[in-house]
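Peer 1:
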DNA sequence: GTCAACGACTTGTATGTACAAGTCATCCTG
DNA sequence: CAGGATGACTTGTACATACAAGTCGTTGAC
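This is how it looks when you write it as structure tokens:
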């Protein structure tokens with residue numbers, strides 16, 4: 005299980021940047037120099053640079069050497085499927101209190117989202133998420149039965165469901181997230197310890213495997229003074245794979261979050 | 005100004021998928037077949053496929069032919085810098101009513117976000133955005149003076165600022181978006197025609213050029229019953245890359261937005 | 001009939017080469 | 001001294017080739 009060259013290179017460069025060996029605003033060595041240094045051809049080098057570009061770590065363009073940007077080191081995919089991971093990255097202590105887990109016939113809307121038969125069973129759970137001990141988010145998740153069943157026996161107060169599932173070999177491959185705002189209902193208010201009708205950030209998510217079958221759908225409600233969601237996107241200038249990359253970061257704002265006031 | 009081969013190929017394949025020549029769930033031709041059909045080498049073909057993969061149009065993996073996913077055709081970068089573009093994509097009629105435009109010394113917080121001197125001038129504007137004639141979003145934007153000055157003379161009720169700026173040669177290259185929820189203040193309530201204190205989705209954005217200089221910062225408040233924000237992300241099949249490709253789509257929900265009810 | 005092994009096919013990774021196109025510092029001209 | 005042309009350097013695009021690694025249908029043994 006050797007890691008591909010371009011990944012190793014990306015890791016190496018990422019580390020150099022993170023450790024400050026290349027200062028913000030400085031240029032990286034040119035592709036030719038990197039080729040020589042690592043004794044590889046230009047292909048893997050370009051793949052590695054493309055990866056960093058998509059993470060928002062570096063900028064640049066045709067004829068211009070890549071430049072280290074003053075960017076939040078954005079973690080990849082898992083970072084915004086996993087609350088636990090996001091918390092760890094940003095240096096907070098994640099926690100959770102399971103409120104309920106059940107095997108039942110879900111709501112028709114949810115069944116439709118998961119492409120289930122109307123009378124199929126699914127695993128649903130309601131869990132309060134904590135940051136540094138304070139209520140931050142309330143998640144209502146629904147899993148297809150075959151995926152979720154092992155969860156019934158697991159210790160869900162222990163850690164990340166995402167990590168658990170991927171260990172089990174479930175391939176969570178893509179997700180769609182929809183954001184809006186809702187007023188806190190009585191349950192939200194009680195568990196999140198906010199006033200009823202106060203504004204909450206809602207994230208609805210459908211996660212699918214690599215062939216497009218929906219595996220999980222979830223509705224998360226965030227206390228806006230404790231947790232926010234941040235995403236970055238970059239116009240793909242790019243290299244090897246013409247893509248529009250976007251790296252996600254879930255960040256958790258301190259309650260003193262600076263207000264970007266209006267005009 | 006000839007378009008690069010891989011972009012042309014990506015466009016061609018995208019069109020075939022969108023027009024249904026390749027049904028959802030069907031496989032695309034193998035890379036070898038595509039090479040033969042278009043008489044190109046494998047490189048550009050792979051670049052094109054990578055682009056589609058990142059847009060969420062296709063899936064697949066090592067040894068597996070790419071499969072057409074049942075995905076929202078997500079437009080790349082511009083789609084979520086430009087309200088106008090998002091509306092057009094989703095078949096709604098965008099509109100805007102400029103409330104105010106000014107050249108002034110911005111708030112310290114905003115000056116800091118734009119990396120301006122405390123006493124530097126900036127162009128600020130307050131604009132109500134409409135969808136199908138109904139108030140949908142209120143945007144408070146601040147531009148660096150050199151970027152924003154031409155806006156003072158432009159007809160801002162006519163269309164997209166994003167489109168206008170890119171025509172002027174401004175390179176908006178990357179953006180960070182932070183989402184949370186706020187209660188409507190009196191101004192929000194009046195212009196968006198909602199009750200005071202009702203929940204609004206807030207998006208704060210900082211847009212930078214390709215070397216990381218912040219050009220614009222904005223705070224948008226959405227009526228959650230009219231407009232939501234959707235984002236998709238995909239685990240980069242190409243291995244880890246620790247990256248996460250993500251294509252954004254801003255979608256506008258009908259007011260009867262189905263509720264994903266909780267457990 | 002079941003299941004394992006095989007083999008054809010496909011994608012992922014890597015190298016090498018070549019040229020186009022953009023950037024930037026330097027030099028030269030006026 | 002200012003400003004434009006030049007040329008070295010850099011990234012973007014494209015091709016050809018080779019092999020590793022995974023998938024999947026078929027064959028063949030049991």
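Protein chains in written order, with the numbering used here: chain G, 5 to 267; chain D, 5 to 267. From the three backbone atoms N, C-alpha and C, an ideal C-beta is built for every residue, glycine too.
Give the single residue among 17(G), 58(G), 132(G), 49(G) whose Cα lies nearest to the Cα of residue 180(D).
Peer 2: Counted from its first residue, the second chain places residue 180(D) at position 176. Nearest C-alpha to residue 180(D): 58(G).
Peer 1: Check the C-beta distance from residue 153(D) over to residue 128(D) and give it rounded, since I have them as a contact under 8 Å.
Peer 2: The residue labelled residue 153(D) in the question sits at position 149 within the second chain. The residue labelled residue 128(D) in the question sits at position 124 within the second chain. In fact, because the Cβ distance is near 12 Å, the residues do not count as touching under 8 Å.
Peer 1: If we ignore side chains and look at the alpha-carbon of each, how far apart do residue 144(G) and residue 46(G) end up?
Peer 2: For this step, residue 144(G) is matched to residue 140 along the first chain. For this step, residue 46(G) is matched to residue 42 along the first chain. Cα to Cα, residue 144(G) sits roughly 47 Å from residue 46(G).
Peer 1: How big is the Cα-Cα spacing for residue 233(D) and residue 37(G)?
Peer 2: Along the second chain, one-based indexing puts residue 233(D) at 229. Along the first chain, one-based indexing puts residue 37(G) at 33. So the alpha carbons of these two residues sit roughly 42 Å apart.
Peer 1: For residue 97(D), does the count of other Cβ atoms within 10 angstroms reach 16, so buried, or fall short, so exposed?
Peer 2: Your numbering for residue 97(D) matches position 93 in the second chain. With fewer than 16 Cβ atoms within 10 Å of its Cβ, residue 97(D) is classed as exposed.
Peer 1: To the nearest angstrom, report how far apart residue 147(G) and residue 191(G) are at their CA atoms.
Peer 2: Here the question's residue 147(G) lines up with position 143 in the first chain. Here the question's residue 191(G) lines up with position 187 in the first chain. Spanning the two alpha carbons is a distance of roughly 22 Å.
Peer 1: Which residues in the same chain have their Cβ closer than 7 Å to the Cβ of residue 42(D), if we skip the five residues on either side of it in sequence?
Peer 2: By 1-based counting over the second chain, the position of residue 42(D) is 38. Hits under 7 Å: 13.
Peer 1: Do you know how far the Cα of residue 106(G) is from the Cα of residue 222(G)?
Peer 2: Translated into the one-based positions of the first chain, residue 222(G) becomes position 218. Translated into the one-based positions of the first chain, residue 106(G) becomes position 102. Taking the straight line joining both Cα atoms gives about 15 Å.
Peer 1: Near residue 151(G), what residues of its chain come up, given a Cβ to Cβ distance below 8 Å and the 5 sequence neighbours on each side ignored?
Peer 2: Indexing the first chain from 1 puts residue 151(G) at position 147. Around residue 151(G): 127, 169, 174, 219, 220.
Peer 1: Buried or exposed for residue 95(D), please, with buried defined as at least 16 other CB atoms from any protein chain shown within 10 angstroms of its CB.
Peer 2: Stepping through the second chain from its first residue, residue 95(D) is reached at position 91. So residue 95(D) counts as exposed.
Peer 1: Leaving aside the five residues before and after residue 266(D) along the sequence, list all residues of the same chain whose C-beta is less than 8 Å from its C-beta, in chain order.
Peer 2: By 1-based counting over the second chain, the position of residue 266(D) is 262. Note that residue 266(D) scores a pLDDT of 30, beneath 50, so its modelled location is shaky; the value from the coordinates is reported in the next line. So the list is empty, once near-sequence residues are dropped.
Peer 1: Below 7 Å CB to CB, which residues in the same chain sit around residue 125(D) once its five sequence neighbours on both sides are set aside?
Peer 2: Residue 125(D) sits at position 121 when you count from the first residue of the second chain. Contacts found: 107, 108, 109, 149.
Peer 1: Between 6(G), 230(G), 187(G), 62(G), which lies nearest to residue 20(G) when the distance is taken from Cα to Cα?
Peer 2: As a position in the first chain, residue 20(G) is number 16, starting the count at 1. Residue 20(G) has its Cα closest to that of 62(G), out of 6(G), 230(G), 187(G), 62(G).
Peer 1: Of all the options 227(G), 51(G), 64(G), which has the alpha carbon lying nearest to the alpha carbon of residue 213(D)?
Peer 2: Reading the second chain from its first residue, position 209 is the one you call residue 213(D). Measuring from the Cα of residue 213(D), the nearest candidate turns out to be 64(G).
Peer 1: Give the list of continuous alpha helix (DSSP H) stretches no shorter than 4 residues that lie fully inside the segment 43-131 of chain D.
Peer 2: Runs of the alpha helix (DSSP H) inside the segment 43-131 of chain D: 46-59, 87-93, 112-117.
Peer 1: Helix, strand or coil for residue 192(D)? Go by DSSP, reduced to three states.
Peer 2: Translated into positions along the second chain, residue 192(D) becomes position 188. Residue 192(D) falls in the helix class under three-state DSSP.
Peer 1: Name the chain G residues that come within less than 7 Å of residue 183(D), Cβ to Cβ?
Peer 2: Along the second chain, read from residue 1 onward, the residue named residue 183(D) stands at position 179. In chain order: 183, 205, 232, 233.
Peer 1: I'd like to know whether the C-beta of residue 219(D) is nearer than 7 Å to at least one C-beta of chain G.
Peer 2: By one-based count along the second chain, residue 219(D) stands at place 215. For residue 219(D), the answer is no, since every Cβ of chain G falls outside 7 Å of its Cβ.
Peer 1: Report back the beta-carbon spacing between residue 176(G) and residue 217(G) to the nearest angstrom; my notes put them in contact at under 8 Å.
Peer 2: The count along the first chain starts at 1 and reaches residue 176(G) at position 172. The count along the first chain starts at 1 and reaches residue 217(G) at position 213. About 11 Å; that fails the 8 Å criterion.
Peer 1: Rank 33(D), 90(D), 52(D) by C-alpha distance to the C-alpha of residue 71(D) and give the top, closest one.
Peer 2: Stepping through the second chain from its first residue, residue 71(D) is reached at position 67. Answer by Cα proximity: 33(D).
Peer 1: Are any of the Cβ atoms in chain G nearer than 7 Å to that of residue 236(D)?
Peer 2: Sequence index remark: in the second chain, residue 236(D) carries index 232 (1-based). Yes, contact with chain G.
Peer 1: Using the Cα positions of residue 206(G) and residue 142(G), report the straight-line distance between them to the nearest angstrom.
Peer 2: For the purposes of this step, residue 206(G) is identified with residue 202 of the first chain, where counting begins at 1. For the purposes of this step, residue 142(G) is identified with residue 138 of the first chain, where counting begins at 1. Straight-line Cα distance between these residues: approximately 10 Å.
Peer 1: Residue 178(D) by DSSP, collapsed to three states: which one?
Peer 2: Numbered from its first residue, the second chain carries residue 178(D) at position 174. Note: residue 178(D) maps to strand in three-state DSSP.
Peer 1: List the whole-angstrom C-beta distance separating residue 201(G) from residue 188(G), where the pair is believed to meet the contact cut-off of C-beta under 8 Å.
Peer 2: In the first chain, the residue the question calls residue 201(G) occupies position 197. In the first chain, the residue the question calls residue 188(G) occupies position 184. Confirmed, Cβ separation roughly 6 Å.
Peer 1: In the segment 123-140 of chain D, which residues sit with their C-beta less than 8 Å from some C-beta in chain G, listed in chain order?
Peer 2: Taking 8 Å as the Cβ-Cβ cut-off against chain G, the residues of the segment 123-140 of chain D that qualify are 128, 129, 130.
Peer 1: Within 10 Å of its beta-carbon, does residue 137(G) have 16 or more other beta-carbons around it, so buried, or fewer, so exposed?
Peer 2: Locating residue 137(G) in the first chain gives position 133, where the first residue counts as 1. Flag for residue 137(G) reads exposed.
Peer 1: From the DSSP secondary-structure annotation, give me the bridge partner or partners of residue 184(D).
Peer 2: To locate residue 184(D), count along the second chain from 1; it is residue 180. 206(D).
Peer 1: Distance check for residue 183(G) and residue 131(G), CA to CA, integer angstroms please.
Peer 2: For the purposes of this step, residue 131(G) is taken as residue 127 along the first chain, with counting starting at 1. For the purposes of this step, residue 183(G) is taken as residue 179 along the first chain, with counting starting at 1. Looking at the two C-alpha atoms, the distance is approximately 19 Å.
Peer 1: Would you kindly report the start and end of the unbroken alpha helix (DSSP H) that includes residue 20(G)?
Peer 2: Within the first chain, residue 20(G) is the residue found at index 16, counting from 1. Note, residue 20(G): alpha helix (DSSP H), 9-22.
Peer 1: Grouping DSSP H, G and I as helix and E and B as strand, with all else coil, what is residue 155(G)?
Peer 2: Translated into positions along the first chain, residue 155(G) becomes position 151. In the structure shown, residue 155(G) sits in a helix (DSSP, three-state: H, G or I).
Peer 1: Since residue 63(G) meets chain D, which of its residues come closer than 9 Å, beta carbon to beta carbon?
Peer 2: Residue numbering aside, residue 63(G) sits at position 59 when the first chain is read from its first letter. Residues of chain D passing the Cβ test: 177, 178, 212, 213, 214, 215, 216.
Peer 1: If you follow the alpha helix (DSSP H) that residue 170(G) is in, where does it begin and where does it stop?
Peer 2: As a position in the first chain, residue 170(G) is number 166, starting the count at 1. Counting along the chain, the alpha helix (DSSP H) containing residue 170(G) begins and ends at 165-171.
Peer 1: Could you spell out where the beta strand (DSSP E) holding residue 201(G) opens and where it closes?
Peer 2: As a first step, residue 201(G) must be located in the first chain, where it is residue number 197. Counting along the chain, residue 201(G) falls outside any beta strand (DSSP E), and DSSP gives it neither H nor E.
Peer 1: I want to verify the contact list: residues of chain G whose CB lies under 8 Å from the CB of residue 187(D), in sequence order.
Peer 2: Counting from 1 along the second chain, the entry for residue 187(D) is found at position 183. Near residue 187(D) (Cβ distances below 8 Å), the residues of chain G are 202, 203.
Peer 1: Taking only the alpha-carbon atoms, compute the straight-line gap between residue 10(D) and residue 52(D) and give it to the nearest angstrom.
Peer 2: On the second chain, residue 10(D) is found 6 positions in, with the first residue counted as 1. On the second chain, residue 52(D) is found 48 positions in, with the first residue counted as 1. For residue 10(D) and residue 52(D), the distance between alpha carbons rounds to 5 Å.
Peer 1: Between residue 85(D) and residue 27(G), what straight-line distance do the alpha-carbon atoms span, to the nearest angstrom?
Peer 2: Working through the second chain from its first residue, we reach residue 85(D) at position 81. Working through the first chain from its first residue, we reach residue 27(G) at position 23. So the two alpha carbons sit approximately 29 Å from each other.
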